[in-house]
Amino acid sequence: MSTQDQSLPAPAPPVNPETKEFWAATAAGRLLLKRCLDCGSVIWYPRAICPACSSLHTEWFAASGRGRVYSYTLNYRGEGAYQDCAPFVLAYVELDEGPRIMTNIVGADDIDLAVGLPVEVVFHDTGDGSALPRFRPAELRTHPAS
Ligand SMILES: [Zn+2]
């Protein structure tokens, strides 16, 4: 299986006042995270209240867009907008800043896919003022040392 030439759909996400800035940034090619100004937690998913200490004192900051595959699976049975694009890779990526986010891995050969693989963010435009953050191998054809 290869996702090298894969074309995944990019359905527009629901946007609310808590996520508006996040999605606007994705359209500009930037991945934002929130940080709690009281306890220092990095917050995922985007929201107004810190899930660790319930503080409302949070701020946006630009994430590096880099991380590692924490877990992944090959999905052979897409639903809805994904019905005709299987197989595709569904994964959790652990960002360098800490949060683990559910996403897709694109542009990877079977041999590249592994837990711990370094990845970097790419953005797939939804055409509706947002883009979906997905990840590709950060070092194509280079395998992490075990
Ligand atoms: Zn906090």
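The opening residue of the sequence shown carries number 216 in the working numbering; numbering runs sequentially from there.
By construction, the Cβ of each residue, glycine as well, lies at the ideal position given by its N, Cα and C atoms.
Treat the numbers as computed from the prediction; the structure is a model and nothing was measured.
field: Ala263 beta carbon near ligand 1 (any heavy atom closer than 7 Å)
entry: Position 48 of the sequence shown holds residue 263. In this structure, Ala263 has its beta carbon at no less than 7 Å from each heavy atom of ligand 1.
field: DSSP state of Trp238 mapped onto helix, strand, coil
entry: Counting from 1 along the sequence shown, the entry for residue 238 is found at position 23. In the structure shown, Trp238 adopts helical secondary structure according to DSSP, grouped into three states.
task: Check whether the Cβ of Ser279 sits closer than 7 Å to any heavy atom of ligand 1, and report yes or no.
output: Counting from one through the sequence shown, the residue named residue 279 turns up at place 64. Checking the Cβ of Ser279 against ligand 1 gives no.
message: Considering Cα atoms alone, identify which of Pro314, Glu309, Phe338, Ile316 is closest to Gly322.
response: For the purposes of this step, residue 322 is taken as the residue at position 107 of the sequence shown. Sorting Pro314, Glu309, Phe338, Ile316 by C-alpha distance to the C-alpha of Gly322 places Phe338 at the top.
field: Rounded separation between Pro240 and Lys249 - CA only
entry: In the sequence shown, residue 240 corresponds to position 25, counting from 1. In the sequence shown, residue 249 corresponds to position 34, counting from 1. Sequence check: residue 240 is Ala here, not Pro. Taking C-alpha positions only, Ala240 is separated from Lys249 by approximately 13 Å.
- request: Pull up the distance between the alpha-carbon of Phe350 and that of Met317, whole angstroms please.
  value: As a working note, residue 350 is residue 135 in the sequence shown. As a working note, residue 317 is residue 102 in the sequence shown. Going by C-alpha positions, Phe350 is about 10 Å away from Met317.
query: Would a C-beta distance cut-off of 8 Å place Leu332 and Gly280 closer than the cut-off?
result: Looking up residue 332 in the sequence shown gives position 117. Looking up residue 280 in the sequence shown gives position 65. No, they are not a contact pair.
- request: Look at the Cβ atom of Ile320, then the Cβ atom of Leu328, and state whether they are nearer than 8 Å.
  value: Taking the first residue of the sequence shown as 1, we reach residue 320 at position 105. Taking the first residue of the sequence shown as 1, we reach residue 328 at position 113. If you check the CB distance, Ile320 and Leu328 come in under 8 Å.
message: Taking the beta carbon of Leu347 as the centre, do at least 16 other beta carbons fall within 10 Å, making it buried, or is it exposed?
response: Indexing the sequence shown from 1 puts residue 347 at position 132. Counting Cβ neighbours within 10 Å, Leu347 comes out buried, since at least 16 surround it.
query: For the segment 250 to 257 against the segment 269 to 287, are there 3 or more C-beta pairs whose distance is under 8 Å?
result: Yes: the two stretches touch, three or more of their Cβ pairs being nearer than 8 Å.
- request: Verify the contact flag: Cys251, CB atom, against every heavy atom of ligand 2, threshold strictly below 7 Å.
  value: Of the ligands one can find in the structure shown, namely ligand 1, none is ligand 2.
Cα-Cα separation between Tyr233 and Gly295, rounded to whole angstroms: On the sequence shown, position 18 is the one that residue 233 refers to. On the sequence shown, position 80 is the one that residue 295 refers to. Checking the displayed sequence, the identity of residue 233 turns out to be Glu instead of Tyr. Distance between the alpha carbons of Glu233 and Gly295: 26 Å.
field: Buried or exposed (CB count within 10 angstroms, at least 16 for buried), Pro352
entry: In the sequence shown, the residue the question calls residue 352 occupies position 137. By the Cβ neighbour-count rule, Pro352 is buried, with 16 or more other Cβ atoms within 10 Å of its own.
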